[in-house]
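Peer 1: Before anything else, here's the structure in question.
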Amino acid sequence: MPTQTRIYIKPCSKNSNRRSYLKILKAVNFDGTVNLFSLLKDKAKFIVYVSGLGVFGNPGDIVDENSQLKPNTEYAKVRLEAQKYLESSCKEHGISFSVAFLGDVYGNGGWFKNILVERLKKGSFRMPGSGEYYRSFVHVDDVVSALESIAEKNAINQSFVIADSTPVRFKDFVNVVCKELGVKYPGTIPTILAKAVMGGDFINLLTTSIKTSNAKIAKLCDFMYKSYTEGVPSTISEMKS
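In my numbering, the protein residues as written are 120 to 360.
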């Protein structure tokens with residue numbers, strides 16, 4: 120079986136200084152990819168680059184593997200540059216390459232637990248804008264399963280959108296979380312104020328509506344949680360146990 124290397128690039132922290140923010144973005148997301156590839160190029164046979172849906176920008180239509188990549192945030196632009204670099208470098212070194220575009224990943228940890236769940240329990244979470252924008256979520260266990268399937272089935276030189284089968288308005292997603300936690304639905308915060316607090320790039324990324332089709336990856340692996348309505352209750356139950 121070919122060696123699979125998954126490259127996970129963690130979003131850098133928000134920064135009110137644009138020049139500093141862009142410098143950190145490049146250092147973490149692009150330079151980090153370059154440095155990591157230099158360590159892998161003589162060992163790896165197959166690299167799966169893990170990106171996000173932000174590289175599709177504000178598509179308007181259902182996103183799938185044939186959708187145009189048009190990032191509209193600085194973060195997503197740098198991620199796309201890193202992807203192009205890695206794809207070109209893999210081709211140059213005879214390494215098979217595929218890319219996985221992940222939806223918003225949730226599970227017992229990360230942003231879902233530390234930002235959403237914990238703040239909802241404390242009553243300090245505020246919905247950026249109206250919450251009417253659509254998001255495409257995916258449980259972390261299904262992400263792992265999908266990436267393993269790509270490697271095990273040698274799905275080289277392809278792209279995959281990895282999200283569940285149910286795009287949902289962000290406010291409805293949060294409502295399900297509140298119901299499972301038994302807490303009140305949160306208030307909202309004007310988008311302009313949210314940008315001032317958390318950074319315009321991050322809020323633009325969060326509040327851009329995006330609906331996806333997972334038809335391609337669904338042929339490769341079975342999702343444990345085909346909808347957030349299944350995954351969220353299971354995750355909250357795990358947190359309580």
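For glycine and all other residues, C-beta sits at the position ideal for the given N, C-alpha and C. Remember, it's a predicted structure, so these values are computed and weren't measured experimentally.
Could you name the residues of the same chain whose beta carbon sits closer than 8 Å to that of Lys-160, not counting the 5 residues immediately before and after it, in chain order?
Peer 2: Position 41 of the sequence shown, counting from 1, holds the residue named residue 160. The residues are Ser-208, His-212, Ile-214.
Peer 1: List the endpoints of the continuous beta strand (DSSP E) containing Tyr-168.
Peer 2: On the sequence shown, residue 168 is found 49 positions in, with the first residue counted as 1. Residues 165–171.
Peer 1: When the Cα atoms are used, what is the spatial distance from Tyr-194 to Gly-222?
Peer 2: For the purposes of this step, residue 194 is taken as the residue at position 75 of the sequence shown. For the purposes of this step, residue 222 is taken as the residue at position 103 of the sequence shown. Looking at the two C-alpha atoms, the distance is approximately 15 Å.
Peer 1: Going by C-alpha distance, which of Lys-303, Lys-142, Ser-278 is nearest Val-174?
Peer 2: For the purposes of this step, residue 174 is identified with residue 55 of the sequence shown, where counting begins at 1. Out of Lys-303, Lys-142, Ser-278, Ser-278 has the C-alpha closest to the C-alpha of Val-174.
Peer 1: Can you tell me the Cβ-Cβ gap for Gly-287 and Phe-256, rounded? I've got them flagged as a contact below 8 Å.
Peer 2: On the sequence shown, residue 287 is found 168 positions in, with the first residue counted as 1. On the sequence shown, residue 256 is found 137 positions in, with the first residue counted as 1. Going by the sequence as given, residue 287 is Val instead of Gly. Contact holds; Cβ gap of about 7 Å.
Peer 1: So for Ala-219, helix, strand or coil by DSSP?
Peer 2: Stepping through the sequence shown from its first residue, residue 219 is reached at position 100. Strand.
Peer 1: Cβ of Asn-227 within 8 Å of Cβ of Met-343?
Peer 2: The residue you call residue 227 lines up with position 108 of the sequence shown. The residue you call residue 343 lines up with position 224 of the sequence shown. No, these two residues do not count as a Cβ contact at 8 Å.
Peer 1: For the alpha helix (DSSP H) that Pro-352 lies in, which residues bound it at each end?
Peer 2: Numbered from its first residue, the sequence shown carries residue 352 at position 233. 347–359 is the extent of the alpha helix (DSSP H) around Pro-352.
Peer 1: In the DSSP assignment, the alpha helix (DSSP H) including Pro-306 goes from what residue to what residue?
Peer 2: Along the sequence shown, one-based indexing puts residue 306 at 187. As written in the sequence, residue 306 is Gly, which differs from the Pro given in the question. Gly-306 -> not in any alpha helix (DSSP H); beta strand (DSSP E) instead, spanning 306–308.
Peer 1: Mind checking Gly-179: buried by the 16 CB within 10 Å criterion, or exposed?
Peer 2: Residue mapping note: residue 179 aligns to position 60 of the sequence shown, counting from 1. Exposed.
Peer 1: Do Thr-285 and Ser-353 have their C-beta atoms closer together than 8 Å?
Peer 2: Looking up residue 285 in the sequence shown gives position 166. Looking up residue 353 in the sequence shown gives position 234. Cβ atoms of Thr-285 and Ser-353: not closer than 8 Å.
Peer 1: Check whether the Cβ atoms of Val-218 and Ser-170 sit closer than 8 Å, and answer yes or no.
Peer 2: Mapped onto the sequence shown, residue 218 falls at position 99. Mapped onto the sequence shown, residue 170 falls at position 51. Closer than 8 Å, so yes.
Peer 1: Tell me, which residues are paired with Phe-256 by DSSP?
Peer 2: As a position in the sequence shown, residue 256 is number 137, starting the count at 1. Phe-256 is bridged to Asp-223.
Peer 1: Just to confirm the assignment, what range does the beta strand (DSSP E) spanning Phe-279 have?
Peer 2: As a first step, residue 279 must be located in the sequence shown, where it is residue number 160. Residues 278–281.
Peer 1: Among the candidates Val-262, Val-259, Lys-298, Pro-190, whose CA atom is the shortest distance from the CA of Leu-325?
Peer 2: On the sequence shown, residue 325 is found 206 positions in, with the first residue counted as 1. When each option's Cα is compared against that of Leu-325, the closest is Pro-190.
Peer 1: Verify whether the separation of the beta carbon atoms of Val-182 and Thr-331 is less than 8 Å.
Peer 2: Mapped onto the sequence shown, residue 182 falls at position 63. Mapped onto the sequence shown, residue 331 falls at position 212. Contact flag set, yes.
Peer 1: Where does Thr-124 fall in DSSP's three states?
Peer 2: Walking along the sequence shown from the start, residue 124 turns up at place 5. Residue placement at Thr-124 is poorly supported in this model, since its pLDDT is 43, which falls under 50; the coordinates still yield a value, given next. Strand.
Peer 1: To the nearest angstrom, how far is the alpha carbon of Lys-303 from that of Ile-311?
Peer 2: Position 184 of the sequence shown holds residue 303. Position 192 of the sequence shown holds residue 311. When rounded, the distance between both Cα atoms is 24 Å.
Peer 1: Beta-carbon within less than 8 Å of Leu-339's beta-carbon, same chain only, minus the 5 sequence neighbours each way: which residues are those?
Peer 2: Within the sequence shown, the letter at position 220 stands for residue 339. Ala-265, Ser-268, Ile-269, Lys-272, Ala-274, Phe-279.
Peer 1: For Asn-377, does the count of other Cβ atoms within 10 angstroms reach 16, so buried, or fall short, so exposed?
Peer 2: Shown here, the chain extends from 120 to 360; a query on residue 377 therefore has no answer.
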